[in-house]
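Okay, so the sequence shown: first residue is 410 according to my numbering, each after it adds one. Notes for the one structure printed next.
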Amino acid sequence: MLSTTVNHEAIIIIVTIISCANLMMCIDFSKIVKWEKRTLTCFGNDIESNYGSICKLIIAHNSKFLETECYDEEYTEKSFGEEATKSNNSILLNRTRSVCNIQCTGADRDSVISKIPNSIHECVRWHNYNTLNEDNQWYIWRSGKCRNVTITFEVHCGFPTNDPNDVNILAQNNISLSTKIHL
């Protein structure tokens, strides 16, 4: 039987390197994360008449709708499976998407919790809506038919913290975080 000892700090470095290699930004999984809710409500309108996207934002448990920056941008959508086939005959589609700031500056991760109502089939995550991180700002984008419906998205933003009170809360509730890897 082969026995290997691995240093705790080395494990954190390895995990951090792996998460940085796979993502556009680095996520430090060794830190406690404070999750904060964002609710973005976008109102259906006639996008084709260039009225633009009208969305309102609620931060955390505040019930007041806030104005948020929304804009439309052009992007190119690659045809499905293009990377796998390396085909020169792939179709590049020029599309427009609506992008809205969800005001999560400083967050290093997000989690789309729900769309309301969930029966709106014009909005399918990863296909025509998702989150986007650019320049330390988080956005929700919508494209295609999803731009024309009234819909609400609930997103949680993860803010890393070094606050010792957060660790104490975990200890008081008998919650432990383990980064042990058994080889």
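Where is the CB? At the ideal position from N, CA and C, for every residue including glycine.
Q. Between the beta-carbon of residue 466 and the beta-carbon of residue 561, is there less than 8 Å?
A. No; because the gap between Cβ atoms is not below 8 Å, this pair is not in contact.
Q: Measuring alpha carbon to alpha carbon, tell me which of 552, 476 and 470 ends up nearest residue 505.
A: The shortest C-alpha separation from residue 505 is found at 552.
Q) Since residue 601 is in the beta strand (DSSP E), which residue starts that stretch and which ends it? A) Residue 601 is absent from the structure shown; the chain starts at 410 and stops at 592.
Q | Residues bridged to residue 610 (per DSSP) | A | Because the chain is modelled from 410 through 592, residue 610 falls outside the range shown and cannot be assessed.
Q | At least three beta-carbon pairs within less than 8 Å, the segment 524 to 533 to the segment 468 to 484 | A | no
(Q) Could you give the first and the last residue of the continuous beta strand (DSSP E) run that contains residue 509? (A) Judged by DSSP secondary structure, residue 509 falls within the beta strand (DSSP E) whose first and last residues are 501 to 510.
Q) Taking the C-alpha atoms as reference points, what is the distance between residue 452 and residue 474? A) 13 Å
Q | Residues that DSSP places opposite residue 472 in a beta bridge | A | Its beta-bridge partners do not exist; DSSP assigns none.
Q: Give every residue of the same chain whose Cβ lies closer than 7 Å to the Cβ of residue 516, excluding the five residues on either side of it in the sequence, and list them in chain order.
A: 547, 566, 567 and 568
Q. CB-CB under 6 Å to residue 554, same chain, minus the five flanking residues each way: which ones, in chain order?
A. 531
Q: List the residues that DSSP assigns as beta-bridge partners of residue 451.
A: 464 and 560
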